[in-house]
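So the sequence shown is numbered by the working numbering: it starts at 167 and just counts up by one. Glycine included, C-beta positions come from ideal geometry on N, C-alpha and C.
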Amino acid sequence: MRPGGLSRGRHQPDPFACPLRKRKFAACSAAHRGTRSHREHVSVVPSRGSTIMDKRASTNRPRISDGSNGAVRPSVFLTLTLAAALLIGLALPSPVAAQHLPLAEPESMGMSSDRFDRLDAVMQRYIDSDMVAGTVTLVARKGKVVHLSALGHRYIEGNEPMPTDAIFVIMSMTKPIVSAALMMLFEEGHFLLDDPISDYLPEYADKMVLVETEEEVERVPADRPITFRHVLSHTAGVDPSRNLLTEEERAEFGRKATLEETLVARASMPLAFHPGDQWRYGSSTDYVALLVERISGQGLDHFLQERIFDPLGMTDTHYNVPDSKVDRIAAVYSPSGPGGTIELRNAPGPDRPTRYFGGVAGLSSTAPDYFRFSQMILNGGELNGIRLLSPSTVNLMITNHTGDLPIYIKGADAYGFGLGFSMLTDPAKSRQALTPGTFGWGGAWGTVFWIDPTEEMITIMMVQISRYGHLTIRQDVANMAMQAITESFHSGKQGIRGYEAIRR
Numbered sequence: 167m168r169p170g171g172l173s174r175g176r177h178q179p180d181p182f183a184c185p186l187r188k189r190k191f192a193a194c195s196a197a198h199r200g201t202r203s204h205r206e207h208v209s210v211v212p213s214r215g216s217t218i219m220d221k222r223a224s225t226n227r228p229r230i231s232d233g234s235n236g237a238v239r240p241s242v243f244l245t246l247t248l249a250a251a252l253l254i255g256l257a258l259p260s261p262v263a264a265q266h267l268p269l270a271e272p273e274s275m276g277m278s279s280d281r282f283d284r285l286d287a288v289m290q291r292y293i294d295s296d297m298v299a300g301t302v303t304l305v306a307r308k309g310k311v312v313h314l315s316a317l318g319h320r321y322i323e324g325n326e327p328m329p330t331d332a333i334f335v336i337m338s339m340t341k342p343i344v345s346a347a348l349m350m351l352f353e354e355g356h357f358l359l360d361d362p363i364s365d366y367l368p369e370y371a372d373k374m375v376l377v378e379t380e381e382e383v384e385r386v387p388a389d390r391p392i393t394f395r396h397v398l399s400h401t402a403g404v405d406p407s408r409n410l411l412t413e414e415e416r417a418e419f420g421r422k423a424t425l426e427e428t429l430v431a432r433a434s435m436p437l438a439f440h441p442g443d444q445w446r447y448g449s450s451t452d453y454v455a456l457l458v459e460r461i462s463g464q465g466l467d468h469f470l471q472e473r474i475f476d477p478l479g480m481t482d483t484h485y486n487v488p489d490s491k492v493d494r495i496a497a498v499y500s501p502s503g504p505g506g507t508i509e510l511r512n513a514p515g516p517d518r519p520t521r522y523f524g525g526v527a528g529l530s531s532t533a534p535d536y537f538r539f540s541q542m543i544l545n546g547g548e549l550n551g552i553r554l555l556s557p558s559t560v561n562l563m564i565t566n567h568t569g570d571l572p573i574y575i576k577g578a579d580a581y582g583f584g585l586g587f588s589m590l591t592d593p594a595k596s597r598q599a600l601t602p603g604t605f606g607w608g609g610a611w612g613t614v615f616w617i618d619p620t621e622e623m624i625t626i627m628m629v630q631i632s633r634y635g636h637l638t639i640r641q642d643v644a645n646m647a648m649q650a651i652t653e654s655f656h657s658g659k660q661g662i663r664g665y666e667a668i669r670r
């Protein structure tokens, strides 16, 4: 489900346009409630003294939007000082983190400012139709942020506008970060991809597999051990159907206080299939997380903080969001019924401290922080002179490791899966105008990101809606970002290979 289409001819943004398609949406009058149409943009003209300016100050601008009721503020120029940077979460204590986001005019990066207005207009329609509360979208190209926009509200009930540095529960967007952490240990020589995980998780040696026959469900020895490659690519079989387990096994399936306690308790459970025989999305990345802890001797939270977040300046990415940042947490909403308008599910508030530092989910983050991680990956493992991974390892991660196995996601036969990322192998079978070789992933509460090595482009959307299968908001963001390209190019510089990496 999606809101109405775009006008013909030159686009005129209309944040209050009624949906045009024959679908059920909130009454059009809801689109005119001023409290739902907050915009936050900051437009930057790069120069020796970078400035922040509003939409009227320049027709060619990258944007972090700022305004009220969908209107644009009068022209104002502000020097990008520490105070201004703090407004968008860019002033950070460490030397790397203190560097503000690299900003550029869309036109200087082969993109269109006017066409980015279409992205905002589509997001605004979702907000005005009460399908989502608010969004933050970020697009970067060739290492420069050309679009950063916050629309709607982070918390409707508190009349709190959405800021560009809003903190979102990113759910499964935790997985690529934790996968990168394990591959950092791969580069230190601790394991090979086809080594058994039982080298570090002896509880998972000699596994049994559930095999259904016409008469019964049998348990047979696994044909092969679970390897590092299996848990990184969701082919380990560690998520058996609970109805095939014994009552005692089902009792152990629940989550314990810590990740290690949980996975040790599950060690006696059979596998759903022989490792490597199928792709099944699930809890594999929790095993990746525990492997990071066992190999490094550190808790996952400390490892990520010291080895990834601090070096990249990701100061707003946490398992436990500090109380001092509660006023930036986005509320979580859910549809009131099948395809219905939204209602509050989780109000923003102090986190209940957790000791469960998982790989499947658990992190909260911001669009600027996730850009920093994504740009490091797109750069082949390096950001601002700090290298976390080698280009060869990043290429290995974005190579299809699942071959012809069916990938059970939307447009399944259009994708393969690498080590922590899905990658687009056949755009004709997808619903998005993405380049072959584009890779990324999303979270269960709507957040999503794509990295396009061919176009040297990153697209991120942050939103909080617990059930979004009836929406096409992800596809719309991808398509609106790609249609803003006016100059397509393929980089000849050394770096990650993109499409060539997935064809093998």
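Item to check | Neighbour-count burial assignment, K595, 16 or more Cβ in a 10 Å radius | outcome: What you label residue 595 is simply residue 429 of the sequence shown in a count that begins at 1. By the 10 Å Cβ count, K595 comes out exposed.
Next on the checklist: Buried or exposed, going by whether 16 or more other CB atoms sit within 10 Å of the CB of N566?
Outcome noted: Residue numbering aside, residue 566 sits at position 400 when the sequence shown is read from its first letter. Answer is buried; the Cβ neighbour count reaches 16.
Checklist entry - Beta carbon of P268, beta carbon of G309: below 7 angstroms? => result Here residue 268 refers to the residue found at position 102 when the sequence shown is read from its first residue. Here residue 309 refers to the residue found at position 143 when the sequence shown is read from its first residue. Going by C-beta atoms, P268 is nearer than 7 angstroms to G309.
Item to check | Cα-Cα separation, M297 to G506 | outcome: By 1-based counting over the sequence shown, the position of residue 297 is 131. By 1-based counting over the sequence shown, the position of residue 506 is 340. About 7 angstroms.
Checklist entry - Is DSSP giving A197 helix, strand or coil here? => result Along the sequence shown, read from residue 1 onward, the residue named residue 197 stands at position 31. Here A197 scores only 36 on pLDDT, less than 50, and its place in the model should not be relied on; the value that follows carries that caveat. A197: helix per DSSP, three-state reduction.
Checklist entry - Rounded to a whole number of angstroms, what is the C-alpha to C-alpha distance between P272 and V312? => result On the sequence shown, position 106 is the one that residue 272 refers to. On the sequence shown, position 146 is the one that residue 312 refers to. Distance between the alpha carbons of P272 and V312 is about 5 angstroms.
Checklist entry - Contact check, L367 vs R460 under 8 angstroms by CB: the rounded distance? => result Here residue 367 refers to the residue found at position 201 of the sequence shown. Here residue 460 refers to the residue found at position 294 of the sequence shown. At roughly 7 angstroms, the Cβ-Cβ gap stays under 8 angstroms, so L367 and R460 are in contact.
Checklist entry - Tell me which same chain residues have a C-beta within less than 7 angstroms of the C-beta of M486, skipping the five on either side of it? => result For this step, residue 486 is matched to residue 320 along the sequence shown. According to the sequence as given, residue 486 is Asn; it is not Met. Hits under 7 angstroms: D517, P519 and T520.
Checklist entry - On the three-pair Cβ rule with 8 angstroms, is the segment 369-385 touching the segment 425-441? => result yes
Next on the checklist: Run through the DSSP bridge pairs and tell me what Y581 is partnered with.
Outcome noted: The sequence position of residue 581 within the sequence shown is 415, counting from 1. Per DSSP, L590.
Item to check | Of the residues V335, G448, S654 and S345, the one placed nearest E622, counting alpha carbons only | outcome: Taking the first residue of the sequence shown as 1, we reach residue 622 at position 456. Considering only alpha carbons, the answer is S654.
Item to check | Distance between D618 and T600 (C-alpha atoms, nearest Å) | outcome: Position 434 of the sequence shown, counted from the start, is the residue given in the question as residue 600. Position 452 of the sequence shown, counted from the start, is the residue given in the question as residue 618. Strictly speaking, residue 600 in this sequence is Leu, with Thr absent from that position. Cα to Cα, L600 sits roughly 8 angstroms from D618.
Next on the checklist: F419 and S540 - do their beta-carbons sit closer together than 7 angstroms?
Outcome noted: Numbered from 1 along the sequence shown, position 374 holds the residue referred to as residue 540. Numbered from 1 along the sequence shown, position 253 holds the residue referred to as residue 419. Their beta carbons are not under 7 angstroms apart, which means S540 does not touch F419 by this criterion.
Checklist entry - How would you write the range of the alpha helix (DSSP H) that P534 sits in, first residue to last? => result Residue numbering aside, residue 534 sits at position 368 when the sequence shown is read from its first letter. From DSSP, the alpha helix (DSSP H) with P534 extends over A533 to L544.
Checklist entry - Where do the N-terminal and C-terminal ends of the beta strand (DSSP E) with K310 fall, by residue? => result One-based indexing of the sequence shown puts residue 310 at position 144. Looking at the DSSP string, the run of the beta strand (DSSP E) that includes K310 is K310 to Y321.
Item to check | Contacts around A650, its chain only, beta-carbon distance under 6 angstroms, and the 5 residues preceding and following it disregarded | outcome: For the purposes of this step, residue 650 is identified with residue 484 of the sequence shown, where counting begins at 1. If we look at A650 and ignore the five residues flanking it on each side, its Cβ neighbours are M277, S278, R281 and F282.
Next on the checklist: Would Y370 and A497 qualify as a contact pair, given that the criterion is a beta-carbon distance under 7 angstroms?
Outcome noted: Position 204 of the sequence shown, counted from the first residue, corresponds to residue 370. Position 331 of the sequence shown, counted from the first residue, corresponds to residue 497. No, the Cβ-Cβ distance between Y370 and A497 is not below 7 angstroms.
Checklist entry - In whole angstroms, what is the alpha-carbon distance linking T532 and I631? => result As a position in the sequence shown, residue 532 is number 366, starting the count at 1. As a position in the sequence shown, residue 631 is number 465, starting the count at 1. Looking at the two C-alpha atoms, the distance is approximately 16 angstroms.
Checklist entry - So does the segment 545-564 actually touch the segment 322-330, counting three or more Cβ pairs closer than 8 angstroms? => result no
Checklist entry - Curious, which full-length alpha helix (DSSP H) runs of at least 4 residues does the segment 445-489 contain? => result 450-462 and 466-470
Next on the checklist: Starting from I343, trace the alpha helix (DSSP H) in both directions and tell me its first and last residue.
Outcome noted: In the sequence shown, residue 343 corresponds to position 177, counting from 1. Its alpha helix (DSSP H) spans residues T340 to F352.
Checklist entry - Below 8 angstroms, can you find three or more Cβ-Cβ pairs linking the segment 350-358 to the segment 332-342? => result no
Item to check | Euclidean distance between Cα positions of T652 and V305 | outcome: Along the sequence shown, one-based indexing puts residue 652 at 486. Along the sequence shown, one-based indexing puts residue 305 at 139. If you take the alpha carbons of T652 and V305, they lie about 14 angstroms apart.
Next on the checklist: Less than 7 angstroms between the beta carbons of T568 and F583, yes or no?
Outcome noted: Position 402 of the sequence shown, counting from 1, holds the residue named residue 568. Position 417 of the sequence shown, counting from 1, holds the residue named residue 583. A contact, by the Cβ cut-off of 7 angstroms.
Checklist entry - Taking the Cβ atom as the reference point for each residue, do L425 and Y522 lie within a distance shorter than 7 angstroms? => result Counted from its first residue, the sequence shown places residue 425 at position 259. Counted from its first residue, the sequence shown places residue 522 at position 356. In contact: L425 and Y522 (Cβ atoms closer than 7 angstroms).
Item to check | CA nearest to the CA of T451, picked from H396, D331 and E427 | outcome: The sequence position of residue 451 within the sequence shown is 285, counting from 1. Closest by alpha carbon: H396.
Checklist entry - For T303, does the three-state DSSP call read helix, strand or coil? => result Counting from one through the sequence shown, the residue named residue 303 turns up at place 137. Of the three classes helix, strand and coil, the one that applies to T303 here is strand, per DSSP.
Item to check | Extent of the continuous beta strand (DSSP E) to which F605 belongs | outcome: Walking along the sequence shown from the start, residue 605 turns up at place 439. Note, F605: beta strand (DSSP E), F605 to G608.
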